[in-house]
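*Asks:* If you read the sequence shown in this note's numbering, its first letter stands for residue 2, the second for the next number, and so on. Beta carbons are placed, not taken as given, at the ideal position from N, Cα and C, and that holds for glycine. Submitted below is the structure of interest, expressed as structure tokens.
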Amino acid sequence: MLLSLEAVSKHYKLGDTTIRALDSITIKVDRGEFIAIMGPSGSGKSTFLQVASTLAVPTKGSITLNDREISSYNEVERARLRNKYIGFVFQQFNLLPRTSALANVELPLIYAKVSVSERSKRAKAMLELVGLGDRLSNAPAQLSGGQQQRVAIARALVNDPDLIFADEPTGNLDTKSGDDIKKLLTKLNNQGRTIIMVTHEPDVAEIAKRLVLFRDGKIVSDRQQRKRKAVKK
Ligand SMILES: Nc1ncnc2c1ncn2[C@@H]1O[C@H](COP(=O)(O)OP(=O)(O)OP(=O)(O)O)[C@@H](O)[C@H]1O
Ligand SMILES: [Mg+2]
């Protein structure tokens, strides 16, 4: 078992009211899975990704990653854990603006104290994997939305994480760029990487092997999707 959440809740207090962003979520994720999460706006999808990826701490419940209980980890322990095991792709890319694609992808390796030469070698290899080997020195403003998202994906992958979280990775992209990201995520999963992705788009959810539906902070459906058979020409 790679990741397991047991009765996990995340509550926010706003004045006198308590918002149950997550309301007793239980889910198990095996290595190699590709999960799409869908549900109405405000149903807790992003909160789930944040809590499951240790960016946020749960109010209640237990989380284990690689069979280690992590829900009581402090800030520093969680940061170390993320650096080692977790890649996160945000909807807004979150790239450093005046910094080259290569330097953006190298960033997590600096935190991980990887040597300078190894850093640039690995960052370059990742950018080649996402099809941007010829754009290493471009800053985000010199790249299209789809290319920026691919830089963000390369950055999420450069530490070779066990688990990739993506929050609407195609949300801000045109159809062509969205298709490129779909192909890339499919390829990464075929290489054995575990992916948990939130999306509003049915055609993006379709590439995942398992579909989980959220409503009102709860999981209301969780099923394997039949994989489409490849059509032989
Ligand atoms: N920091 C916060 N403080 C208070 N309430 C919050 C906070 N973050 C999220 N919420 C509330 O928790 C609920 C779940 O929010 P969340 O962002 O997880 O929804 P979502 O499913 O990702 O929605 P969307 O599809 O619009 O991105 C919402 O009611 C939201 O207003
Ligand atoms: Mg969200």
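Please report the residue range of the beta strand (DSSP E) in which residue 224 lies.
*Replies:* Unbroken beta strand (DSSP E) run through residue 224: 219-225.
*Asks:* Can you list, in chain order, the residues of its chain whose CB lies under 8 Å from that of residue 13, leaving out five sequence neighbours each side?
*Replies:* Around residue 13: 19, 20, 22.
*Asks:* Any chance the stretch 27-40 sits against the stretch 74-83, with 3 or more Cβ pairs inside 8 Å?
*Replies:* No, because fewer than three Cβ pairs between the stretch 27-40 and the stretch 74-83 fall closer than 8 Å, the two stretches do not touch.
*Asks:* Just verifying my parser: in three-state terms, what is the DSSP assignment at residue 112?
*Replies:* Three-state DSSP puts residue 112 in a helix.
*Asks:* State whether the stretch 113-130 contacts the stretch 201-213, with contact taken as three or more CB pairs (one from each stretch) at a distance under 8 Å.
*Replies:* The stretch 113-130, when compared against the stretch 201-213, does not touch it at the 8 Å Cβ threshold.
*Asks:* Please determine, among 169, 145, 130, the residue with the shortest C-alpha to C-alpha distance to residue 155.
*Replies:* Ranking 169, 145, 130 by Cα distance to residue 155 puts 130 first.
*Asks:* Can you tell me which of the three DSSP states residue 9 falls into?
*Replies:* It is a strand residue.
*Asks:* Which same chain residues, not among the five before or five after residue 33, have their C-beta less than 7 Å away from its C-beta?
*Replies:* Same-chain partners within the cutoff: 193, 195.
*Asks:* Between residue 68 and the rest of its own chain, which residues show a CB-CB distance below 7 Å, the 5 nearest in sequence each way excluded?
*Replies:* Hits under 7 Å: 2.
*Asks:* May I ask you to report which of helix, strand or coil DSSP gives residue 39?
*Replies:* Three-state result, residue 39: strand.
*Asks:* So residue 199 is in the beta strand (DSSP E); what residue range does that whole segment cover?
*Replies:* Residue 199 -> beta strand (DSSP E) spans 195-199.
*Asks:* Please report the straight-line C-alpha distance between residue 142 and residue 178, rounded to a whole angstrom.
*Replies:* When rounded, the distance between both Cα atoms is 16 Å.
*Asks:* Rounded to the nearest angstrom, what separates residue 24 and residue 219 at their Cα positions?
*Replies:* Between residue 24 and residue 219, the C-alpha separation is close to 6 Å.
*Asks:* Spell out the partners DSSP gives residue 211 in its beta bridges.
*Replies:* Paired residue(s): 36, 225.
*Asks:* Using only the alpha-carbon positions, how far apart do residue 117 and residue 160 sit?
*Replies:* Going from the Cα of residue 117 to the Cα of residue 160 covers about 14 Å.
*Asks:* Verify whether the separation of the beta carbon atoms of residue 66 and residue 89 is less than 9 Å.
*Replies:* Cβ atoms of residue 66 and residue 89: not closer than 9 Å.
*Asks:* State the Cα-Cα distance for the pair residue 152 and residue 133, rounded to the nearest angstrom.
*Replies:* The alpha-carbon atoms of residue 152 and residue 133 are separated by roughly 8 Å.
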